[in-house]
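A.B. asks: The opening position of the sequence shown corresponds to residue 3 in our numbering, with each subsequent residue numbered one higher. Where a beta carbon is used, it is the ideal one built from N, C-alpha and C, also for glycine. Quick one: the structure is below, questions incoming.
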Amino acid sequence: MFDCLMKDTEIKAKNEEDNNYWYEGTNHEILTVNHTSIGFSTDFYVYVSNAFRLQQEYSDYNAD
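Next up, the structure:
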């Protein structure tokens, strides 16, 4: 997963212990991996997730 999402990214911080991995790129990319989930975000994702409600099941959905 790391190679797919972060291979061309300069890593400025990381933590790798107990099957929990966290990486932060110099452009604020963040990858988290543990035994049950994977998370990835960028500055653009943070902007979109704060500007739009992306889940249609919520009453304030506004991503059309």
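1) Between which two residues does the alpha helix (DSSP H) containing Leu7 stretch?
2) Sorted by chain position, which residues of the same chain lie with C-beta nearer than 6 Å to Gly41's C-beta, five sequence neighbours on each side aside?
3) Apply the 10 Å Cβ neighbour rule to Glu25 and answer buried if 16 or more other Cβ atoms are within range, or exposed otherwise.
4) For Glu12, verify whether its CB is less than 8 Å away from any heavy atom of the ligand ZN.
5) Check the DSSP bridge columns for Glu26 and list the partner residues they point to.
C.D. replies: A quick look at the data gives this:
1) Run containing Leu7: 4-8, per the alpha helix (DSSP H) assignment.
2) Hits under 6 Å: Thr34.
3) Note on residue identity: the sequence assigns Tyr, not Glu, to residue 25. By the 10 Å Cβ count, Tyr25 comes out buried.
4) The ligand ZN is not part of the structure shown, which contains no ligands of any sort.
5) Checking the DSSP bridge columns, you'll see Glu26 partnered with Ala15, Ile32.
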